[in-house]
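Student: Start counting the sequence shown at 54; every next residue gets the next number (the numbering used here).
Sharing a structure with you now.
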Amino acid sequence: MERDLEEGKEQIWKTISRLKKPYLAALGGQWDVMKSFFEDNEYRAQLCSPMTVEEDTAFHIAAYSEEKELLQYLVKLLPASRLFEALNKKNKHGNNIFHEVATTDRVKTADFLVKKLQEVCRPDEDQLEDLLKAENNLGETPIYRAVAHGQTKMAKYLATKVGDLSSHFRRKDKMSILHIAVIGQHFDAAIWLLRKDKELEKEGKVNELAKKEEQNGLTCLHLLAKMPHVFRSYSEFSHKGKLKKFLYYCLPSQFEDDDVSDDAILIKRYRAMWRAIAKGCPAIDKLWKMKRMHSSASKLTKSLVEADYTWKNFPYELNEDKTISLVKDRGEQGQTSGTKEAGGEGTSIGQPSETNHQKHYHHPLLEAASNGIVEIFDKMIKSYPQVIEYISKDEKNILHVAIGHRQRDICYRVKKMEVIMKCRLASRIDENGNTPLHQVAEGMTCYGRESKEQAAGPAFQLQEELIWLEDVRNIIPSHYIMHRNNNGKTADELFQDTHADLLKLAQTWIKETSQSCSAVSVLVATVVFAAAYTVPGGNDASGRPNFIDSPFFVLFTIMDVVSLACSLTSVVMFLSILSSPFEYKNFRTSLPRKLMIGFTLLFFSVTTTMLSFAATIFLLLHFQKKAWTKTLIYTAAFFPVSMFALMQFPLYAAFNKLLHTLTKKIEKKVCPQKFLPPYLRTKKLNKLS
């Protein structure tokens, strides 16, 4: 037996060696050389012989190559009696020619093979059905392969050539065709499969693709909930980039015109225009692909929520609600028994369960909440509102999960459900004895920083964490602040433990930044102070400046004074930072505000210094009447300022929340809302928005 195998391998290697020339031609894309090689009658018989170590024949290579006419040419070289043999020849992976063609978008090539096969086969034979039903080593049919590679048009075409489509829905490892489409992010193919599944269900063939689970017990909705990047809510332009956002809304949500009627000429022309633009602009093409993915993912979510009702089943039984504990050592007696009046439904007598460090898969809603996928959240809540109360195996509800993963959009939506929020979600204690407030601290260690927009520095990251802690503190029952978890820690103690390293980084960063900025401020102050006593153009005999009547002299004087005042004030602000205590509470508002004021004053001092310099040049060189010199000098004056602004813009972005809050406070005090017309009144700020 072993000897026969060795002889077989040796024979294959001899054949591969003889076909070295056409293989090298195929590697270099020299298809004419490959064609001429097999035109020779001596080698024509080798068309079905393996050419590669994967045992691919010339037909396999032609099938997955980009040369459209090569496969048709080779078929014409082959006698009709050998066509089925050539198409049914399998490589090492068990793929026949239709398996390889299915991975491309060449539907015309597949149609050519189908028609050619129908011409040569006898009426009583169903060779085409055999080829399309053939499975490779993984148990994949050509239709399965087409879907796995995102070739929806090819899959649709091949589906018209088979009898029972449902026989193509699973491979040997029980992975469904819908799962493989979702994993590959081929959402258009997945939507088509769900539509076909509904049609088959009407015919009495129940497959329920949407409800099938893979080996890990995940449905397609679970898989989709683990892919935040395929949804619009996760994209970069959702929180920055006005031009990008504008282009996104202008782009059509579809690429092809298959979904519109022949009469919709304007829609077709609009899409054709964008297709032409996308060809010449890679950035537009990339943005368009992203929008099409977002649109398909949203449609698929809606279809899955409607088709898969398994997520409506409550996954775990609720244990007894836990009481809050004020005892540091959980072994001691003396837990305070809460009452319904004090803490709502979540404060009945109970014992904390043992800590479970195992990782569990969440319910699709909780998975979506952890990743901030508001599209899945909204559709599931709309379909079945009761799902909001579901918990994970470690007894975390949606509020625990969203807070721990810093998903503000989800928290904002949950917070609007005031009744269930106060009576159920906010008072829930998980199996580790953690309240939602504990999740703020737990999120730092368990989940890491997962915000889409990174903070400009450790100090601002710590500020965000402190703001988040305060926001969550406002939504839980007031007495839960004293609660200790299974490790005997309150939320504040746990927060300080988990954020100790971040505090050290923030202290070092703000010290070094303040020292550097104060040094620059002193340098600017020195320069402008000296410039104030060195009058441009000098003085006359009476001590009067020669250019005192020039508007540029007035500009020089004003800018110099403003620059000196701003630079010295910024020095005071930076020194105030260096002399402040660097505790947690100071990083909440005080230190970031001082840094913002100091940095803004420094920026203005540099700007006014450059304007003062430009005014001096105009005074000394008398170039006021020449436009090109004005342009040159203005450019020279504003170039360093512009570069300074661009380089330090991330710092200003970090001040955005603080500035927004301050602006709203000033608005309310200076111009009360009741005196404004209705269309100018601002909505009440929501801390979690």
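Cβ atoms here follow ideal geometry from the backbone N, Cα and C, with glycine treated the same way.
1) Can you tell me which residues form a DSSP beta bridge with R223?
2) Taking 8 angstroms as the threshold, find out whether the region 521 to 531 comes into contact with the region 574 to 581 through three or more Cβ pairs.
3) For T669 and T662, I'd like the C-alpha separation in whole angstroms.
4) Check whether the Cβ atoms of F356 and L191 lie closer than 7 angstroms to each other.
5) Straight-line CA distance for L519 to Y637?
6) In the DSSP output, which residue or residues are listed as bridge partners for P335?
7) On the DSSP letters alone, give me the boundaries of the alpha helix (DSSP H) that L519 sits inside.
8) Nearest-angstrom Cα distance between F666 and T561?
9) Taking C-beta to C-beta, are V235 and A243 nearer than 7 angstroms?
10) In whole angstroms, what is the alpha-carbon distance linking L490 and H552?
11) Of the choices Q514, C476, I534, whose alpha-carbon is the least far from that of Q492?
12) Please indicate yes or no: does the CB of H113 lie closer than 6 angstroms to some heavy atom of the ligand GTP?
13) Rounding to the nearest angstrom, what Cα-Cα distance links S288 and M626 in this structure?
14) According to the neighbour-count rule (16 or more other Cβ atoms, all chains shown, within 10 Å of its Cβ), is C619 buried or exposed?
15) Nearest to L621 by CA position, among V588, S633, L576, is which residue?
16) Measure the alpha-carbon distance for Y301 versus L353 and round it to whole angstroms.
17) Using the Cβ count rule (16 or more neighbours within 10 Å means buried), how would you classify S571?
18) So A512 and F640 are supposed to be a Cβ contact under 8 angstroms. How far apart are they, rounded?
19) Confirm, please, whether the CB-CB distance from S623 to L673 is below 7 angstroms.
20) So, for V167: in the same chain, excluding its five sequence neighbours on each side, which residues have a beta-carbon less than 8 angstroms away from its beta-carbon?
21) The alpha helix (DSSP H) that contains W562, what's its start and end?
22) By a C-beta neighbour count over all protein chains shown, 10 Å radius and 16 as the cutoff for buried, is G396 buried or exposed?
23) Could you check whether the region 437 to 450 touches the region 323 to 337, counting it as contact only if at least three pairs of C-beta atoms, one from each stretch, sit closer than 8 angstroms?
24) Comparing C-alpha positions only, which one of K169, A559, I330, A263 sits nearest to S229?
25) Looking only at its chain, what residues have a beta carbon closer than 7 angstroms to the beta carbon of M87, apart from the 5 residues adjacent to it on each side?
26) Using 7 angstroms as the limit for Cβ to Cβ distance, is S229 near chain D?
27) Between E95 and H113, what straight-line distance do the alpha-carbon atoms span, to the nearest angstrom?
28) Taking buried to mean at least 16 other C-beta atoms within 10 Å of its own C-beta, is M343 buried or exposed?
29) Run through DSSP, which three-state label would G486 get?
30) Are the region 609 to 618 and the region 542 to 549 in contact at 8 angstroms, needing three or more beta carbon pairs?
31) Can you tell me the Cα-Cα spacing of L631 and N538, whole angstroms?
32) Considering only the beta carbon of each residue, do G8 and H239 sit closer than 7 angstroms?
33) In its own chain, which residues sit with a C-beta less than 8 angstroms from the C-beta of S70, not counting the 5 before and 5 after it?
34) Output the boundary residues of the alpha helix (DSSP H) element that contains V167.
35) Identify which residue in D250, Q268, D462, K186 has its Cα closest to the Cα of D226.
36) Taking 7 angstroms as the cut-off, decide whether the C-beta atoms of A421 and I434 are in contact.
Tutor: Well, looking at it:
1) Walking along the sequence shown from the start, residue 223 turns up at place 170. Here R223 is bridged, per DSSP, to S229.
2) Too few Cβ pairs lie closer than 8 angstroms, so no.
3) By one-based count along the sequence shown, residue 669 stands at place 616. By one-based count along the sequence shown, residue 662 stands at place 609. Straight-line Cα distance between these residues: approximately 11 angstroms.
4) Taking the sequence shown and counting its residues from 1, the one referred to as residue 356 is at position 303. Taking the sequence shown and counting its residues from 1, the one referred to as residue 191 is at position 138. Before going further, note that residue 356 is Ser rather than Phe in the sequence given. Taking 7 angstroms as the Cβ cut-off, S356 and L191 do not qualify as a contacting pair.
5) As a position in the sequence shown, residue 519 is number 466, starting the count at 1. As a position in the sequence shown, residue 637 is number 584, starting the count at 1. L519 and Y637 have their C-alpha atoms some 8 angstroms from each other.
6) Position 282 of the sequence shown, counted from the first residue, corresponds to residue 335. The partner list for P335 (beta bridge, DSSP) is empty, contrary to what the question assumes.
7) Reading the sequence shown from its first residue, position 466 is the one you call residue 519. Where L519 is concerned, the enclosing alpha helix (DSSP H) starts and stops at 511 to 526.
8) Along the sequence shown, one-based indexing puts residue 666 at 613. Along the sequence shown, one-based indexing puts residue 561 at 508. As the crow flies, the alpha-carbon of F666 is around 35 angstroms from that of T561.
9) Translated into positions along the sequence shown, residue 235 becomes position 182. Translated into positions along the sequence shown, residue 243 becomes position 190. Between V235 and A243, the gap from beta carbon to beta carbon is short of 7 angstroms.
10) The residue you call residue 490 lines up with position 437 of the sequence shown. The residue you call residue 552 lines up with position 499 of the sequence shown. One C-alpha to the other measures close to 14 angstroms.
11) Taking the sequence shown and counting its residues from 1, the one referred to as residue 492 is at position 439. The shortest C-alpha separation from Q492 is found at I534.
12) Annotation note on the ligand GTP: not contained in the displayed structure, which lists no ligands.
13) Taking the first residue of the sequence shown as 1, we reach residue 288 at position 235. Taking the first residue of the sequence shown as 1, we reach residue 626 at position 573. Taking the straight line joining both Cα atoms gives about 37 angstroms.
14) Stepping through the sequence shown from its first residue, residue 619 is reached at position 566. By the neighbour-count rule (16 or more Cβ atoms within 10 Å), C619 is buried.
15) In the sequence shown, counting from the first residue as 1, residue 621 sits at position 568. If you compare the alpha carbons of V588, S633, L576 with that of L621, the shortest gap goes to L576.
16) Sequence index remark: in the sequence shown, residue 301 carries index 248 (1-based). Sequence index remark: in the sequence shown, residue 353 carries index 300 (1-based). The straight-line gap separating the alpha-carbon atoms of Y301 and L353 is approximately 20 angstroms.
17) Taking the sequence shown and counting its residues from 1, the one referred to as residue 571 is at position 518. The residue is buried, with at least 16 neighbouring Cβ atoms inside 10 Å.
18) Taking the first residue of the sequence shown as 1, we reach residue 512 at position 459. Taking the first residue of the sequence shown as 1, we reach residue 640 at position 587. Between F640 and A512 the Cβ distance is about 6 angstroms, and since that is below 8 angstroms, they are a contact.
19) Along the sequence shown, one-based indexing puts residue 673 at 620. Along the sequence shown, one-based indexing puts residue 623 at 570. In this structure, L673 sits away from S623, with a CB-CB distance that is not shorter than 7 angstroms.
20) Here residue 167 refers to the residue found at position 114 when the sequence shown is read from its first residue. Cβ within range, chain order: L181, K214.
21) Taking the first residue of the sequence shown as 1, we reach residue 562 at position 509. For W562, the uninterrupted alpha helix (DSSP H) run begins and ends at 553 to 585, by DSSP.
22) Residue mapping note: residue 396 aligns to position 343 of the sequence shown, counting from 1. Since pLDDT at G396 reaches only 39, below the 50 mark, its modelled position is unreliable, and no value is offered.
23) Counting C-beta pairs with one atom in each stretch, the region 437 to 450 and the region 323 to 337 have fewer than three that are closer than 8 angstroms, which means they do not touch.
24) As a position in the sequence shown, residue 229 is number 176, starting the count at 1. Just measuring C-alpha positions, the residue of K169, A559, I330, A263 sitting nearest S229 is A263.
25) Within the sequence shown, numbered from 1, the residue matching residue 87 stands at position 34. For M87, where only same-chain residues beyond five positions count, the Cβ hits under 7 angstroms are P75, A78, A79.
26) Of the chains in the structure shown, none is chain D; there is only one protein chain.
27) By one-based count along the sequence shown, residue 95 stands at place 42. By one-based count along the sequence shown, residue 113 stands at place 60. The alpha-carbon atoms of E95 and H113 are separated by roughly 20 angstroms.
28) Here residue 343 is taken as the residue at index 290 of the sequence shown, counted from 1. Of the residues assessed, M343 falls on the buried side of the cut-off, its CB having 16 or more other CB atoms within 10 angstroms.
29) As a first step, residue 486 must be located in the sequence shown, where it is residue number 433. Residue state, collapsed to three classes: coil.
30) The region 542 to 549 and the region 609 to 618 do not touch, with fewer than three beta-carbon pairs separated by less than 8 angstroms.
31) For the purposes of this step, residue 631 is identified with residue 578 of the sequence shown, where counting begins at 1. For the purposes of this step, residue 538 is identified with residue 485 of the sequence shown, where counting begins at 1. Their Cα atoms are separated by approximately 37 angstroms.
32) The structure shown has nothing for residue 8, since the chain only spans 54 to 742.
33) For this step, residue 70 is matched to residue 17 along the sequence shown. Excluding five sequence positions before and after S70, none of the CB atoms of its chain fall closer than 8 angstroms to its own CB.
34) The residue labelled residue 167 in the question sits at position 114 within the sequence shown. Per DSSP, V167 belongs to the alpha helix (DSSP H) from 160 to 173.
35) In the sequence shown, counting from the first residue as 1, residue 226 sits at position 173. Among D250, Q268, D462, K186, the Cα nearest to that of D226 is on Q268.
36) For the purposes of this step, residue 421 is taken as residue 368 along the sequence shown, with counting starting at 1. For the purposes of this step, residue 434 is taken as residue 381 along the sequence shown, with counting starting at 1. Going by C-beta atoms, A421 is not nearer than 7 angstroms to I434.
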